[in-house]
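Novice:
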Amino acid sequence: MRLMINEGLKLNSIILTTILPAALKPDLATVAIVLSVCGKLKVLKQGKEIHAYAVKNGFVPDASVSTRLMMMYSQCGLLQHSSRVFDIMENRNVIAWTLMSYIDSGCLDEAIGVLRSMQLPKHRTDAVAMGRILAN
15 MRLMINEGLK LNSIILTTIL PAALKPDLAT VAIVLSVCGK LKVLKQGKEI HAYAVKNGFV
75 PDASVSTRLM MMYSQCGLLQ HSSRVFDIME NRNVIAWTLM SYIDSGCLDE AIGVLRSMQL
135 PKHRTDAVAM GRILAN
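The numbering used here numbers the first residue of the sequence shown as 15 and each following residue consecutively.
1) Closest to K54 by C-alpha separation, out of V69, I109, R82, L93, would be which residue?
2) Among the residues of its own chain, which have a CB less than 7 Å from the CB of H95, if the five just before and after it don't count?
3) Whole angstroms are fine: how far does the CA of I109 sit from the CA of G91?
4) Using a Cβ-Cβ cutoff of less than 6 Å, which residues in the same chain neighbour E104 once the five nearest sequence positions on both sides are dropped?
5) Roughly how many angstroms lie between the CA atoms of K59 and L38, to the nearest whole one?
6) Quick check on DSSP: helix, strand or coil for L148?
7) In this structure, does DSSP put G53 in helix, strand or coil?
8) Check whether the Cβ atoms of N107 and A77 sit closer than 7 Å, and answer yes or no.
9) With distances taken between CB atoms, is the gap from V79 to L42 smaller than 7 Å?
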């Protein structure tokens, strides 16, 4: 099953990075979702391809794409890459700061949990996130 998913993701990556740009331009949401999938499946090669696509098309300054890049690299075990994405972010949001604080402390599972909960519109965790950052 995982092999089928990986092969499908490889095909989607090829479509996204070569064929699709000629016909349609994927938006920020599409790139963010694909990066999320790359992280969950731990397919670093495809994640890097999408990262390159995002840079080429000016999506990386966007906080949602940048935080997804941080998550993807972290889930693939490349915490330094995740830190580099954070370092070049122009507008760091509370999700990025919280994620970075957990990555720095080596608590990736907690970082993933915080990111997921902060994506829900009913949660406003600014004070909690800042408390966690200041605690490190």
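Each residue gets a CB set at the ideal place from its N, CA and C atoms; glycine is no exception.
Specialist: On the basis of the coordinates in this document:
1) Checking every option, the nearest Cα to that of K54 belongs to R82.
2) Leaving aside the five residues that flank H95 on each side, the residues in its chain whose CB is nearer than 7 Å to its CB run, in chain order, Y87.
3) Rounded to the nearest angstrom, the two C-alpha atoms are 19 Å apart.
4) So the list reads P75, once near-sequence residues are dropped.
5) Their backbone Cα atoms lie some 23 Å apart in a straight line.
6) Because the pLDDT of L148 is 46, which lies under 50, any placement of that residue in the model is unreliable, and the number read from its coordinates should be weighed accordingly. Of the three classes helix, strand and coil, the one that applies to L148 here is helix, per DSSP.
7) Correct three-state label for G53: helix.
8) In contact: N107 and A77 (Cβ atoms closer than 7 Å).
9) Yes, the Cβ-Cβ distance between V79 and L42 is below 7 Å.
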